[in-house]
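Residues 2 to 89 in my numbering are what the sequence shown lists, from first letter to last.
No residue lacks a Cβ here, since even glycine has one placed at the ideal position from N, Cα and C.
Structure record follows, encoded as structure tokens.
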Amino acid sequence: MWGFAFGAWLIVAATWMGRNAPERMEAGGGLLVAGFQLAITLGAGLGGLLVDGGGIQLALTIAVGASLVGGLLFGLVKGRTDSPPASA
């Protein structure tokens, strides 16, 4: 499941960049990779601290809460209409 979400996220982010900044795809790709690597690093570090400090139950409870908040935010944003990109 993680691999599926990871693969889908990269495609969605790259598509979004292509639509909103087509002239800066190379720079955007570098930022995408750097941001994703930072997210992996922070997630692994914070997850390890949670497991060490509060046990696996606390880490899983926080993960479920974060997933619910993310799903709610996704649902709210999905309902908005997309406006066409601004012309230069």
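Rounded separation between residue i and residue j - CA only
| i | j | result |
| --- | --- | --- |
| Leu33 | Lys79 | 21 Å |
| Asn21 | Ala15 | 10 Å |
| Gln58 | Gly46 | 17 Å |
| Ile12 | Leu50 | 30 Å |
| Leu43 | Phe75 | 22 Å |
Of the residues the options, the one placed nearest residue i, counting alpha carbons only
| i | options | result |
| --- | --- | --- |
| Gly8 | Phe37, Met18 and Ala67 | Phe37 |
| Gly48 | Ala67, Trp10 and Glu24 | Ala67 |
Own chain residues within Cβ distance below 6 Å of residue i, not counting five before or after
| i | result |
| --- | --- |
| Val52 | Ala60 |
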